[in-house]
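What follows is a single structure, written as structure tokens, with notes after it.
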Amino acid sequence: MNYINDRRMLLDYQRDRLAHGLTGAMGRERERFARLAAALDALSPLKVLGRGYAIPQRSDGAVLRSAKEAMPGETLLLRMADGKVSCKVIEPAG
Numbered sequence: 001m002n003y004i005n006d007r008r009m010l011l012d013y014q015r016d017r018l019a020h021g022l023t024g025a026m027g028r029e030r031e032r033f034a035r036l037a038a039a040l041d042a043l044s045p046l047k048v049l050g051r052g053y054a055i056p057q058r059s060d061g062a063v064l065r066s067a068k069e070a071m072p073g074e075t076l077l078l079r080m081a082d083g084k085v086s087c088k089v090i091e092p093a094g
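In full-length UniProt numbering, the protein residues as written are 1 to 94.
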């Protein structure tokens with residue numbers, strides 16, 4: 001009978017250790033996930049727009065990556081954090 005009680009106590013102890021270990025591991029993984037999500041959010045194009053930048057686009061949706069791509073008289077759409085603005089290129093500089 002003593003053998004069974006010893007094994008039961010050992011099993012309880014190991015179960016508690018496993019539960020404690022899993023709780024700690026889950027907590028660490030949650031923190032890691034939160035850090036990765038924050039890093040990904042910081043790289044989001046919408047977050048960049050929120051800092052005052054704009055994305056220039058042609059009427060077909062193509063993104064201009066250089067001022068040299070803009071043509072005089074061309075109408076562009078500037079995408080900003082809170083909406084879009086239509087503008088006309090007078091003279092590209094760059």
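Idealized CB from N, CA, C, for every residue including glycine.
Nearest-angstrom Cα separation, counted from residue j out to residue i
| i | j | result |
| --- | --- | --- |
| Arg79 | Val85 | 7 Å |
| Arg8 | Thr23 | 22 Å |
| Phe33 | Arg65 | 32 Å |
| Ala93 | Thr75 | 16 Å |
| Tyr53 | Arg28 | 35 Å |
6 Å CB neighbourhood of residue i in its chain, flanking five on each side removed
| i | result |
| --- | --- |
| Glu31 | none |
Three-state secondary structure assigned by DSSP to residue i
| i | result |
| --- | --- |
| Leu76 | strand |
| Pro92 | coil |
| Leu43 | coil |
| Arg35 | helix |
Beta bridge counterpart(s) of residue i as assigned by DSSP
| i | result |
| --- | --- |
| Val85 | Leu78 |
| residue 148 | In the structure displayed, the chain extends from 1 to 94; residue 148 sits before or after that span and is not available. |
Residue i: CB within 6 Å of a non-hydrogen atom of the ligand FMN
| i | result |
| --- | --- |
| Tyr13 | Of the ligands one can find in the structure shown there are none, so the ligand FMN has no counterpart to examine. |
#### Entry: Three or more C-beta pairs below 8 Å linking the segment 39–55 and the segment 15–22
no
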